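*Asks:* The structure under discussion is supplied below as structure tokens; questions concerning it will follow.
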Amino acid sequence: MIDLDKQQIEIARNNELATNNAERLSHKIIIDGKLVSAISEETIPVINPSNGGLIGQAPRCRSKDVDRAVKSSEKAFLYWKKIPARERGKIMMQAANRLEKRRREIETLLSLDTGNAIRTQAIPETSSAIELFYMFAGLAGELKGENFPPNMEHVLHYTTRDPIGIVGAIIPWNAPLFLMVAKIAPAIVAGNTVVLKTAEQAPLCVLLFSEILQEELPPGVLNVISGYGEEAGEPLVVHPKVRKITFTGSYEVGKEIMIKAASKLCPVTLELGGKNPNIILSDADLDIAIPGVIEGMRYTRQGQACTAGSRIYIHDKIYDKVIDGVVKRLSELRMGDALDELSDIGAIISEKQLKRTLHYMDLAVQSPSVKVLHGGHRPADPMLRNGFFYEPTLIEGLPIESPVCQEEIFGPVACAFSFNDFDTMMQSANNTPFGLSATLWTENLSRALQFVEEIDAGFVQVNQCVAPRANVSYGGLKMSGLGKEYAIDSMINHFTQSKTILINRGKSAHNHNC
Ligand code: ADP
Numbered sequence: 004m005i006d007l008d009k010q011q012i013e014i015a016r017n018n019e020l021a022t023n024n025a026e027r028l029s030h031k032i033i034i035d036g037k038l039v040s041a042i043s044e045e046t047i048p049v050i051n052p053s054n055g056g057l058i059g060q061a062p063r064c065r066s067k068d069v070d071r072a073v074k075s076s077e078k079a080f081l082y083w084k085k086i087p088a089r090e091r092g093k094i095m096m097q098a099a100n101r102l103e104k105r106r107r108e109i110e111t112l113l114s115l116d117t118g119n120a121i122r123t124q125a126i127p128e129t130s131s132a133i134e135l136f137y138m139f140a141g142l143a144g145e146l147k148g149e150n151f152p153p154n155m156e157h158v159l160h161y162t163t164r165d166p167i168g169i170v171g172a173i174i175p176w177n178a179p180l181f182l183m184v185a186k187i188a189p190a191i192v193a194g195n196t197v198v199l200k201t202a203e204q205a206p207l208c209v210l211l212f213s214e215i216l217q218e219e220l221p222p223g224v225l226n227v228i229s230g231y232g233e234e235a236g237e238p239l240v241v242h243p244k245v246r247k248i249t250f251t252g253s254y255e256v257g258k259e260i261m262i263k264a265a266s267k268l269c270p271v272t273l274e275l276g277g278k279n280p281n282i283i284l285s286d287a288d289l290d291i292a293i294p295g296v297i298e299g300m301r302y303t304r305q306g307q308a309c310t311a312g313s314r315i316y317i318h319d320k321i322y323d324k325v326i327d328g329v330v331k332r333l334s335e336l337r338m339g340d341a342l343d344e345l346s347d348i349g350a351i352i353s354e355k356q357l358k359r360t361l362h363y364m365d366l367a368v369q370s371p372s373v374k375v376l377h378g379g380h381r382p383a384d385p386m387l388r389n390g391f392f393y394e395p396t397l398i399e400g401l402p403i404e405s406p407v408c409q410e411e412i413f414g415p416v417a418c419a420f421s422f423n424d425f426d427t428m429m430q431s432a433n434n435t436p437f438g439l440s441a442t443l444w445t446e447n448l449s450r451a452l453q454f455v456e457e458i459d460a461g462f463v464q465v466n467q468c469v470a471p472r473a474n475v476s477y478g479g480l481k482m483s484g485l486g487k488e489y490a491i492d493s494m495i496n497h498f499t500q501s502k503t504i505l506i507n508r509g510k511s512a513h514n515h516n517c
């Protein structure tokens, strides 16, 4: 009883902290370093996924607010790009120190906004986001071009790495802080200024994070708007002054963004979806592979991860043992209010996403061969009735061609398959238009190397399946995206442009026309 009381007090405390910030940030965007009202008076309700309650309103920005944000970024760019890179890095370090000091506020609002469980998700995501911010701040000194040996007499030949200008950054809701930092930190340290559009489902935690950054960044270096994709995202993509787009989200939207950006020859970085294999060979160490299935599927983030290993291939010699182990562990996971420190699993982001999971489960159970090994329902607990909860679900017996095994569900549903021939399994694993991540569990080095060579994925792991993190260059192949993020190459390749300079210090000109 005492423990229960303690637990309720803890949830109430977390709730109060998060709710106070949500109220304060409601109806606001950030322009010129300040929290302000948008020009657009319309708003989008922000819902707590754990109980369906209203926690705030996000301005429903349209072109006028986009123009205003771009103007602010344009003005700030003139100043920011001239600050020496190491000085920019120092300012960002100081901003990261401020994030560190207010991390409890960030964690609780992240949890309230997204429905992601505070202990298993919001705390680690906040840590990873701050760490990534520190990392890019520290890379300021690496912004440098190349010096070429003279290939014309008396000619000094070198290249520079310069900021591009105004960057449009568009993020989703599933890991909003980490994904935001992956875009804004390399862009800003490289001397660009950013207009960031938050996801309509989880705008408030991003606003808090950005508000803290404003305490150190000069006004206009980071402007933050909210709104729907077509109304606020698209005007940002097509804005003539925006010279770089960086996006994380669905394939469908990513493709549209690329088409729209093409008309102004604007470079894009795209982090899109996946339908990723998690493969367990007969010689795998099951003490790590079984928990690895749960971790890989990101069940404690309700499967809402691009890297979720949702197609689980298990060698038939160990199939039953692995399934029993996974099911046992799934049954031990506790689902509950995201702000409850005891919850392992929180809620799906929205009613719309919950319906998406329900739709795929309807499709799955129509198949005569399907067997639901775990989950398959909304939880019976009346305390969770108003939230968007769904049990962690594992199914078997579906044909690989089923849309459930081919399309990204972005919910807590994974499919298991048994196999006994490595080559046939690899063909199946690669038989998807996506190519984001892949994992193999084996003690056989030769097989591991064969897998690494043959798998069509941009993020490949053997005997682990951790989430992407700072200093791990991450991105997809095929329809999973364009470009890599989270490491130094993203700062240099995606947020700088290069000039080639030839300076003739001699008397004779080199008259070779191009
Ligand atoms: P999800 O289905 O996970 O919400 P989306 O790809 O639909 O993923 O959305 C990811 C982000 O892209 C969100 O911030 C959303 O508002 C934005 N977005 C959606 N449609 C467009 C669009 N046509 N142009 C620009 N941004 C968009």
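Taking the working numbering, the leading residue of the sequence shown gets 4, the next gets one more, and so forth. All residues carry an ideal CB built from backbone N, CA and C; glycine is no exception. Remember, predicted model here, so these are calculated numbers, not experimental data.
Expressed to the nearest angstrom, what Euclidean distance is found between the alpha-carbon atoms of residue 391 and residue 463?
*Replies:* C-alpha separation (whole angstroms): 32 angstroms.
*Asks:* According to DSSP, simplified to helix, strand and coil, what is residue 75?
*Replies:* Residue state, collapsed to three classes: helix.
*Asks:* Does residue 421 come out as helix, strand or coil in the three-state DSSP assignment?
*Replies:* Strand, per DSSP.
*Asks:* On the criterion of 16 or more Cβ atoms from any shown chain inside 10 Å, does residue 226 qualify as buried, or is it exposed?
*Replies:* With 16 or more other Cβ atoms within 10 Å, it is buried.
*Asks:* Measuring CA to CA, which of 304, 317, 280 is closest to residue 289?
*Replies:* For residue 289, the nearest C-alpha among the options comes from 317.
*Asks:* For residue 4, collect the residues of the same chain with a Cβ closer than 7 angstroms to its Cβ; drop the 5 residues on either side in sequence, then sort them by chain order.
*Replies:* Since pLDDT at residue 4 reaches only 48, below the 50 mark, its modelled position is unreliable, and the value read off the structure follows with that caveat. If we look at residue 4 and ignore the five residues flanking it on each side, it has no Cβ neighbours.
*Asks:* Check residue 100 in the structure and name its three-state DSSP category.
*Replies:* DSSP places residue 100 in helix when its eight states are reduced to three.
*Asks:* Answer yes or no: do residue 149 and residue 162 have a C-beta to C-beta separation smaller than 8 angstroms?
*Replies:* In this structure, residue 162 lies closer than 8 angstroms to residue 149 by Cβ.
*Asks:* If contacts are defined as beta-carbon pairs under 8 angstroms, then residue 114 and residue 341 qualify, I think. What distance do you get, rounded to the angstrom?
*Replies:* Right, their Cβ atoms sit about 4 angstroms apart.
*Asks:* To which residues does DSSP link residue 485 through a beta bridge?
*Replies:* Residue 485 is bridged to 273.
*Asks:* If I follow the unbroken alpha helix (DSSP H) through residue 305, where does it start and stop?
*Replies:* Unbroken run through residue 305: none, as it is neither H nor E.
*Asks:* Along the chain, where does the alpha helix (DSSP H) that runs through residue 435 open and close?
*Replies:* Where residue 435 is concerned, there is no enclosing alpha helix (DSSP H), given that its DSSP letter is neither H nor E.
*Asks:* Hey, residue 215 and residue 442 are a contact pair by Cβ (cut 8 angstroms); roughly how many whole angstroms apart?
*Replies:* Not really, about 35 angstroms apart at Cβ, beyond 8 angstroms.
*Asks:* Could you pull out every residue in the same chain whose Cβ sits closer than 8 angstroms to the Cβ of residue 145, ignoring the five residues on either side in sequence?
*Replies:* Closer than 8 angstroms at the Cβ level, and outside the excluded window around residue 145, lie 491, 494, 495.
*Asks:* What does the Cβ neighbour count give for residue 3, buried or exposed, with the cut at 16 atoms within 10 Å?
*Replies:* Shown here, the chain extends from 4 to 517; a query on residue 3 therefore has no answer.
*Asks:* Does the beta-carbon distance from residue 253 to residue 275 come in below 8 angstroms?
*Replies:* Contact: yes.
*Asks:* Based on the DSSP secondary-structure assignment, which residues constitute the bridge partners of residue 377?
*Replies:* Note: residue 377 sits in a beta bridge opposite 397.
*Asks:* Is residue 176 helix, strand or coil by DSSP?
*Replies:* Residue state, collapsed to three classes: coil.
*Asks:* For residue 404, which residues in the same chain have their Cβ closer than 7 angstroms to its Cβ, ignoring the five residues on either side in sequence?
*Replies:* Taken in chain order, the list of residues that qualify is empty.
*Asks:* Can you give the beta carbon distance from residue 172 to residue 191, rounded, assuming they're within the 8 angstroms contact cut?
*Replies:* In fact, because the Cβ distance is near 10 angstroms, the residues do not count as touching under 8 angstroms.
*Asks:* Report buried or exposed for residue 246, applying the criterion of at least 16 other Cβ atoms within 10 angstroms of its Cβ.
*Replies:* When all chains shown are included, residue 246 counts as buried.
*Asks:* Go ahead and pull the three-state DSSP assignment for residue 336.
*Replies:* It is coil, neither helix nor strand.
*Asks:* Verify the contact flag: residue 393, CB atom, against every heavy atom of ligand 1, threshold strictly below 7 angstroms.
*Replies:* Checking the Cβ of residue 393 against ligand 1 gives no.
*Asks:* What number of angstroms, rounded off, separates the C-alpha of residue 194 from the C-alpha of residue 96?
*Replies:* Whole-angstrom Cα-Cα distance: 15 angstroms.
*Asks:* Which first and last residues belong to the alpha helix (DSSP H) in which residue 470 is found?
*Replies:* Here residue 470 belongs to no alpha helix (DSSP H), and DSSP marks it neither H nor E.
*Asks:* State the beta-bridge partners of residue 162 as determined by DSSP.
*Replies:* Note: residue 162 sits in a beta bridge opposite 503.
*Asks:* Look at residue 279 and residue 310 and say whether their C-beta atoms are less than 8 angstroms apart.
*Replies:* Closer than 8 angstroms, so yes.
*Asks:* Tell me whether residue 4 sits in a helix, a strand or coil according to DSSP, three-state version.
*Replies:* At residue 4, the pLDDT of 48 sits below 50, so the modelled position is not reliable and the matter cannot be decided from this model.
*Asks:* Per DSSP, what kind of secondary structure is residue 291 in: helix, strand or coil?
*Replies:* It is helical.
*Asks:* Is residue 306 near ligand 1, in the sense that its beta carbon is under 7 angstroms from a heavy atom of that ligand?
*Replies:* No, ligand 1 has no heavy atom inside 7 angstroms of this Cβ.
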